[in-house]
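In what follows, a single structure is set out as structure tokens and then discussed.
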Amino acid sequence: MDRLDELAIFLEVLNQGSLSGAARKLRRSAPAVTRAIASLEQRFGARLVERTTRRLAPTEAGVRLAERAALVLSSYDDAVLDTAATQLKGLLRITAPVLFGRWHVAPLVMEFQSLHPEIQIELILNDHNLEMIGQSIDVAVRIGHLDDSAKVARRLGEVSIVLVASPHYLARYPALRHPSELNTHQTVLSSNDAFNEWRFGPHEEGPRVRLAPHLLFNDVETRRLAVKTGKGVARLLSYQVADDIADGSLVRLLPEFEPLPLPVQLVVQNIQRMPLKVRAFWDFARERLSQVPQIRS
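Below, the structure is given as structure tokens:
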């Protein structure tokens, strides 16, 4: 039992006039209340309460302690309330992948900031996972498996790695039946694709294809536009091309060879000690982002 708790019990004993009355009011056991008073008296070095004919009353030492205890507890409550009120202020730093952040996180951030105008929000869009502690990131949206088990994540949904091409391109090239046939096609790759290699299938031993790309871009949106204009075959995340596949401007190829889906997650460093502003955004974003149709399982 902490010392503030002991002071609160002591004041309630005086208010109720009995140990049993304080126990009922505080929903504590009578022995726990008795131990709290005994602990205070031992620490104070004097009796604090005495029994009159009908109720407990404070001794002279008890009166002095009661006056100070009331001030201490009042100051504590004021400090907690004041801190809680002011925690919905200050800087909140959020990071997300570029395209996902632009399409889904940025509108959410602007809505949240309208609800809490005293919070300043910095949204950092980056397709590389920024180091949260070193970069002072409060909340991150991550696509893929986490490499740090110390972080706390909540799954929002999932995305697949899909192979796509435009109908115009497919009309000019032979149909794809197996990943090995990609070497006869024009390919559009990310500058970050390791060794210009694509791995297919849900298992590590699935087909691997080394490519000689015709176009490389370090930007997702540019790759998406290139493949839509018929420049070749590309691999993109399903949320990036979901609308294009739905309206027929892109065609999904070889779905039976796709790798396992990747989780989309909301990440913080420590869920137990989240500042109020972080908790507020965490709850807001978790509810809204889990409803994004392009990432629902």
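Taking the UniProt record's numbering, the leading residue of the sequence shown gets 1, the next gets one more, and so forth. C-beta atoms are modelled at their ideal positions from N, C-alpha and C, and glycine is treated no differently.
Residue interval of the alpha helix (DSSP H) (run including residue i)
i	result
residue 206	Taken as a continuous stretch (DSSP letters only), residue 206 belongs to no alpha helix (DSSP H), as it is neither H nor E.
residue 306	For the chain, the structure presents residues 1 to 297; residue 306 sits outside this window and is missing.
residue 41	30-44
Assigned secondary structure, residue i (DSSP; H/G/I helix, E/B strand, else coil)
i	result
residue 263	strand
residue 9	helix
residue 188	strand
residue 95	strand
residue 17	coil
residue 64	helix
residue 139	strand
residue 133	coil
residue 73	helix
residue 147	coil
residue 248	coil
residue 226	helix
residue 27	coil
Buried versus exposed, by CB contacts within 10 Å (16 or more), residue i
i	result
residue 138	buried
residue 58	buried
residue 76	exposed
residue 95	buried
residue 289	buried
residue 117	exposed
residue 4	exposed
residue 133	exposed
residue 295	buried
residue 110	exposed
residue 114	exposed
residue 70	exposed
residue 157	buried
residue 62	buried
residue 28	buried
residue 112	buried
residue 248	exposed
residue 31	exposed
residue 9	buried
residue 195	exposed
residue 246	exposed
Start-to-end residues for the beta strand (DSSP E) that takes in residue i
i	result
residue 122	119-125
residue 175	Unbroken run through residue 175: none, as it is neither H nor E.
residue 50	49-51
residue 111	Run containing residue 111: none in the beta strand (DSSP E); it sits in the alpha helix (DSSP H), 106-115.
residue 198	197-199
residue 156	152-159
residue 251	251-253
Per DSSP, the bridge partner or partners of residue i
i	result
residue 58	49
residue 217	190
residue 234	164, 188
residue 90	119
residue 268	152
Okay, do the region 142-159 and the region 198-215 touch, 3+ Cβ pairs below 8 Å being the bar? no
Counting Cβ pairs closer than 8 Å, one from the region 233-243 and one from the region 170-190, do we hit at least three? yes
Under 8 Å, with one C-beta from each stretch per pair, do the region 183-196 and the region 212-226 reach the 3-pair mark? yes
Is it the case that the region 88-105 contacts the region 273-286, given that we only count it when at least three CB pairs across the two stretches are under 8 Å? yes
Quick check: the region 163-170 against the region 262-269, are at least 3 beta-carbon pairs closer than 8 Å? no
Looking at C-beta atoms only, is the number of pairs between the region 116-131 and the region 254-263 that lie closer than 8 Å three or more? no
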